[in-house]
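Same order as they appear, the protein sequences are chains A and B.
Using our numbering, read the first sequence as starting at 123 and increasing by one per residue.
Using our numbering, read the second sequence as starting at 123 and increasing by one per residue.
Glycine is no exception: its CB is placed at the ideal position from the N, C-alpha and C atoms.
Structure record follows, encoded as structure tokens.
Number of protein chains: 2
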Amino acid sequence: MQETERISEAVIRRLPRYYRYLTQLEANNEERISSSKMSKDIALNASQIRRDLNCFGGFGQQGYGYSVSKLKSEIERILGLDRSYNVVIIGGGNMGQALVKYHKNAKKGFNVLMIFETDEKMVGTKVAGTEVMHLHDITMFCEKNQVDIGVICTPKESAQEIADVLVGAGIKGIWNFAPATVLVREGIAVENIHLNDSLYVLGYKLSQDEDAENFL
Amino acid sequence: MQETERISEAVIRRLPRYYRYLTQLEANNEERISSSKMSKDIALNASQIRRDLNCFGGFGQQGYGYSVSKLKSEIERILGLDRSYNVVIIGGGNMGQALVKYHKNAKKGFNVLMIFETDEKMVGTKVAGTEVMHLHDITMFCEKNQVDIGVICTPKESAQEIADVLVGAGIKGIWNFAPATVLVREGIAVENIHLNDSLYVLGYKLSQDEDAENFL
Numbered sequence: 123m124q125e126t127e128r129i130s131e132a133v134i135r136r137l138p139r140y141y142r143y144l145t146q147l148e149a150n151n152e153e154r155i156s157s158s159k160m161s162k163d164i165a166l167n168a169s170q171i172r173r174d175l176n177c178f179g180g181f182g183q184q185g186y187g188y189s190v191s192k193l194k195s196e197i198e199r200i201l202g203l204d205r206s207y208n209v210v211i212i213g214g215g216n217m218g219q220a221l222v223k224y225h226k227n228a229k230k231g232f233n234v235l236m237i238f239e240t241d242e243k244m245v246g247t248k249v250a251g252t253e254v255m256h257l258h259d260i261t262m263f264c265e266k267n268q269v270d271i272g273v274i275c276t277p278k279e280s281a282q283e284i285a286d287v288l289v290g291a292g293i294k295g296i297w298n299f300a301p302a303t304v305l306v307r308e309g310i311a312v313e314n315i316h317l318n319d320s321l322y323v324l325g326y327k328l329s330q331d332e333d334a335e336n337f338l
Numbered sequence: 123m124q125e126t127e128r129i130s131e132a133v134i135r136r137l138p139r140y141y142r143y144l145t146q147l148e149a150n151n152e153e154r155i156s157s158s159k160m161s162k163d164i165a166l167n168a169s170q171i172r173r174d175l176n177c178f179g180g181f182g183q184q185g186y187g188y189s190v191s192k193l194k195s196e197i198e199r200i201l202g203l204d205r206s207y208n209v210v211i212i213g214g215g216n217m218g219q220a221l222v223k224y225h226k227n228a229k230k231g232f233n234v235l236m237i238f239e240t241d242e243k244m245v246g247t248k249v250a251g252t253e254v255m256h257l258h259d260i261t262m263f264c265e266k267n268q269v270d271i272g273v274i275c276t277p278k279e280s281a282q283e284i285a286d287v288l289v290g291a292g293i294k295g296i297w298n299f300a301p302a303t304v305l306v307r308e309g310i311a312v313e314n315i316h317l318n319d320s321l322y323v324l325g326y327k328l329s330q331d332e333d334a335e336n337f338l
């Protein structure tokens, strides 16, 4: 790999946003895009966008803009979307099931191999076409199938324990939907999803509007 | 309201993170917290934290830190968590059901009044204790019950249409889980949830590790 330094986490977190936007442009057969147009459409500062894209040698040219397809495939490469990942889901409740279905429709790269459950009634059945196995067998399964990512959809009380099991089974990435922050040792990547964070932001915006109305 | 200027969106988006952290500290009976300790624990730059908290008149004192409870209640007030919101969920599938259950366990402030569905088999039943009504009746219901927030858990094809119906019914905030960006007129707050964004970040981290291993 040629890159001499890692790209900062803040930049990485903005890349999926660029990626979604470029995917949309491509679907609309747009070939080029300027940072100023991009800035308007995705509500980021144009100079911020240029700095971000420069980080990984963006292809922008003054007065000409970026090539949509080149930029998109470069971001795909950086995000690792040109690879594929083996995924297991722990917890076959509503959230687990929603994610299985979500990924059936999603493009590529993330293959849900198995759902793990402790509920004996679910073990041996299928959820949206994906088999359900008992949690007892997770370590064996992960080792045999080179699982990359474990998705935790259990109640919050079990989240840390499951994370420890996953790490023990050699999994390198955890996507945690349980409403509890999960801690792991260095070298393991975790994304803790805090759904309520965005709900709180929504609450903020609503309360601002109310204040504005009261003021009028 | 005394505030002379609105707080920037970037700061607002960090507040839920502070809020979660402070809630944790309070549960551990911690009374004071310094920006440097905070910085270590939540992986944000200490000067960034001080700047953020200054935006709304944080209570920090040199060498003494912030009062956990004061800071927490100030953030609650700013986020509007000291108010309560009437919420309806559109789409009673797995994601909708997961969110109903999620909010049953959540503290306060967001009251799920009703689930709306087009599936006749679900209409009239209850999901996790919450009634299911036909989508036909949503406008009448929202007007009668002063609904603040509509949560879209439908397939992406219907998301924009539902958003338009919600806005027509006087709803001021939309929490959108359909994998399609929903557009609304000014004055309506929308949070589009893109679950895959964080999965892509996870993919990035995993692919970086692989590169590092190959390099060794």
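A contact is defined here as three or more CB-CB pairs under 8 Å, and the segment 138-149 of chain B meets this definition with respect to the segment 187-203 of chain B. If the five residues before and after A:K248 are omitted, its C-beta is found closer than 8 Å to the C-beta atoms of V254, all from its own chain and listed in chain order. Residue state for A:R307 is assigned as coil, using DSSP reduced to three classes.
Contact check for B:K278 and B:P301: beta-carbon distance about 5 Å, within the 8 Å limit, so the pair qualifies. Secondary structure at B:E313: strand, using DSSP grouped into helix, strand and coil.
Under a criterion of Cβ atoms nearer than 9 Å, the residues of chain B adjacent to A:V323 are, in order, E131, I134, R135, L137, P138, L201, A311 and E313. For the pair B:D319 and A:K294, the CB atoms are not nearer than the 8 Å cut-off.
Rounded to whole angstroms, the gap between the alpha carbons of A:N216 and B:Q183 is 46 Å. Within the segment 251-262 of chain A, contact with chain B at the beta-carbon level (separation under 7 Å) is assigned to no residue. Contact annotation, A:V304 with A:I260: C-beta distance approximately 16 Å; criterion of less than 8 Å not satisfied. Interface flag for A:M160 against chain B is unset, since no Cβ pair is found closer than 8 Å. Closest by C-alpha distance to B:I212, out of B:F232, B:L257 and B:K243, is B:L257.
Using a CB distance cut-off of 8 Å, B:Y188 does not count as an interface residue toward chain A. Around the beta carbon of B:M236, 16 or more other beta carbons sit within 10 angstroms, so the residue counts as buried.
Near chain B, meaning a CB-to-CB distance below 8 Å, the residues of the segment 262-280 of chain A are D270 and I271. For A:V254, the three-state secondary structure derived from DSSP is strand. In this structure, A:I296 and A:G325 do not form a Cβ contact; the two beta carbons are roughly 28 Å apart against a cut-off of 8 Å. Listed in chain order, the positions of the segment 162-183 of chain B with a beta carbon within less than 7 Å of a beta carbon of chain A would be empty, since no residue qualifies. Taking C-beta atoms under 8 Å as the contact rule, B:V190 and B:D270 fail to qualify, at a distance of about 29 Å. Under the three-state reduction of DSSP output, A:G290 falls in the helix class. Counting only runs that start and end inside the segment 165-224 of chain A, the alpha helix (DSSP H) elements of at least 4 residues fall at 168-177 and 190-201.
Cβ contact annotation for A:I164 (same chain, cutoff 7 Å, sequence separation greater than five): R139 and Y143, in chain order. Ranked by Cα distance from A:N233, the options A:G246, A:A291 and A:T252 are led by A:T252. Between A:N208 and chain B, the shortest Cβ-Cβ separation is not below 8 Å.
Setting aside the 5 residues that flank it on each side, A:L147 is surrounded in the same chain by I155 and V190, each with a C-beta closer than 7 Å to its C-beta; the list follows chain order. At a cut-off of 8 Å between beta-carbon atoms, A:L305 makes no contact with chain B. When DSSP reads this structure, A:R139 sits in no beta bridge, so it has no partner. Annotated as distal: B:D174 and B:G214, with beta-carbon spacing of 8 Å or more.
Around B:F238, no beta-carbon contact reaches into chain A at under 7 Å, the shortest distance being about 17 Å.
Nearest to B:Q219 by alpha-carbon distance, out of B:N150, B:F238 and B:N176, is B:F238. Looking at B:A168, B:K194, B:S169 and B:F178, the one whose alpha-carbon comes closest to that of B:A149 is B:K194.
In terms of Cβ geometry, A:S329 and B:R205 form a close pair [threshold 8 Å]. In the structure shown, B:N151 adopts coil according to DSSP, grouped into three states.
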